[in-house]
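Per full-length UniProt numbering, the sequence shown starts with residue 1, numbered consecutively. The C-beta atom is built at its ideal place from N, Cα and C for all residues, glycine as well. Report on the structure given below.
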Amino acid sequence: KGKKAAGEAGTNYQRLAKQLGAKTVNYNNVSNDVYLKDVEAGKTDLIMNDYYLQKLALAAVPNNTLKIMPNMYFTTNEDGKGVGILMKKGNTKLQKQVDKALKELKKDGTLKKLSEKYYHADVTKQPHVHISKTFTIK
């Protein structure tokens, strides 16, 4: 409450930050390093975003003094069961090909290896975390 949350306008993360009492500072089409530099410079206080995206963003900005807060996990009611891949609506042939390829990559361990290489964690499995509060984004 009372903090300035950096992010892109209209995202679930900015809506949740506002609902929790933060003043949202919205950016239009900027890269993550811009958000990070503004937090580090004190222009904003925090960024609510995807854990793995933030992990990559921090790694891409060398010598920063920022960190991801430990033991703070959340997902929004609109996140669903994961991420999506954009393709032309109705292209069921491509959708089936992508689904099949992802299933095979998961089965043979390739997705796990890639996630451990880039995220230093197995993102093919749900993390075991305790959620102490739930919010519905309005």
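Under the DSSP assignment, Val-25 falls outside any alpha helix (DSSP H), being part of the beta strand (DSSP E) whose first and last residues are 23–27.
A distance below 6 Å between beta-carbons, with the five flanking residues on each side excluded, links Gly-21 to the following residues of its chain, in chain order: Lys-1. Under DSSP, Ala-6 takes part in a beta bridge, and its partners are Val-25 and Ile-47. In chain order, Glu-40 place their CB closer than 8 Å to the CB of Thr-65, counting only its own chain and leaving out the 5 sequence neighbours on each side.
Exposed is the label assigned to Gln-97, since fewer than 16 other Cβ atoms lie within 10 Å of its Cβ. Only residues of its own chain outside the window of five on either side were considered, and among them Lys-4 have a CB closer than 6 Å to the CB of Lys-23, listed in chain order. The Cβ neighbour count for Tyr-35, taken over all protein chains shown within 10 Å, is at least 16; the residue is labelled buried. Beta-carbon to beta-carbon, Asp-33 and Ala-57 are separated by about 7 Å, close enough to satisfy the 8 Å threshold.
Exclusion of the five residues before and after Asp-122 leaves Lys-112, Ser-115 and Glu-116 as the residues of its chain whose Cβ lies within less than 7 Å of its Cβ. It is roughly 12 Å from the alpha-carbon of Lys-125 to the alpha-carbon of Lys-107. With respect to the C-alpha of Asn-71, the residue from Tyr-51, Val-61, Leu-94 and Thr-136 having the closest C-alpha is Tyr-51.
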